[in-house]
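**Student:**
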Amino acid sequence: MMFQQLKDEPVQMHKDNWRKIQDHVHHPRLFDLDPDLLPLFQYNCKQFASPQECLSAPEFLDHIRKVMLVIDAAVSHLENLSCLEEYLCNLGKKHQAVGVKVESFSTVGESLLYMLEKCLGAAFSPEVQEAWSKLYSAVVKAMQRGWESLPEGD
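Read in order, the letters of the sequence shown correspond to residues 68 to 221 in our numbering.
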């Protein structure tokens, strides 16, 4: 199972960090990091004129809440991430079906780390950054297995 490498991660640190930031979550840098992500967020065939318009749209904010629920589930189940394997794999399949590329998740990860750094301030040490990077990477790898389980062209 891919999640075993996280068994030694500082569970309480993740939970404490998450508790501090979970109500302050947004991804203002997402489109600065990769403007090509904007077309993926077209809701009800509405095309956003600018990243700022998308960032403030209720549909986008709802999507961000869903992303944060996935991170919350990973933090809550850090000691047993394997229980999320099927859910994350299916989530990966859903993202592939709407045209998301696996590479896009690294941009989301950068945005998440930036948010953590801004919210945690001096507490965002290299060790904290590494721990969060490992956790996010484990989530993305599980989602990526959803891509890999689909035949080419599906």
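From the three backbone atoms N, C-alpha and C, an ideal C-beta is built for every residue, glycine too. All values reported here derive from a predicted model rather than from experimental measurement.
Just confirm the distance between the C-beta atoms of L151 and A164, as a whole number of angstroms; I'd bet it's less than 8 Å.
**Tutor:** For the purposes of this step, residue 151 is identified with residue 84 of the sequence shown, where counting begins at 1. For the purposes of this step, residue 164 is identified with residue 97 of the sequence shown, where counting begins at 1. L151 to A164, Cβ: 20 Å. No contact.
**Student:** Kindly indicate which three-state DSSP category K113 falls into: helix, strand or coil?
**Tutor:** Residue numbering aside, residue 113 sits at position 46 when the sequence shown is read from its first letter. Here K113 sits in strand by DSSP.
**Student:** Is the beta carbon of V222 sitting closer than 9 Å to the one on L158?
**Tutor:** Residue numbering for the chain in the displayed model covers 68 to 221; residue 222 lies beyond these limits and cannot be assessed.
**Student:** Here's the rule I'm using: 16 or more other beta-carbon atoms within 10 Å means buried, otherwise exposed. How should E215 be labelled?
**Tutor:** The count along the sequence shown starts at 1 and reaches residue 215 at position 148. With fewer than 16 neighbouring CB atoms inside 10 Å of its own CB, E215 falls in the exposed class.
**Student:** Mapping the DSSP letters down to three states, classify F172 as helix, strand or coil.
**Tutor:** Within the sequence shown, numbered from 1, the residue matching residue 172 stands at position 105. Helix, per DSSP.
**Student:** Pick helix, strand or coil for G166, following the three-state DSSP scheme.
**Tutor:** By 1-based counting over the sequence shown, the position of residue 166 is 99. Residue state, collapsed to three classes: coil.
**Student:** In or out: L128 buried (at least 16 other Cβ within 10 Å) or exposed?
**Tutor:** Taking the first residue of the sequence shown as position 1, residue 128 is located at position 61. With fewer than 16 Cβ atoms within 10 Å of its Cβ, L128 is classed as exposed.
**Student:** With DSSP collapsed to three states, give me the class of D103.
**Tutor:** Position 36 of the sequence shown, counted from the start, is the residue given in the question as residue 103. Reduced to three states, the DSSP call for D103 is helix.
**Student:** Should G213 be labelled buried (16 or more other beta-carbon atoms within 10 Å of its own) or exposed?
**Tutor:** Numbered from its first residue, the sequence shown carries residue 213 at position 146. So G213 ends up on the buried side.
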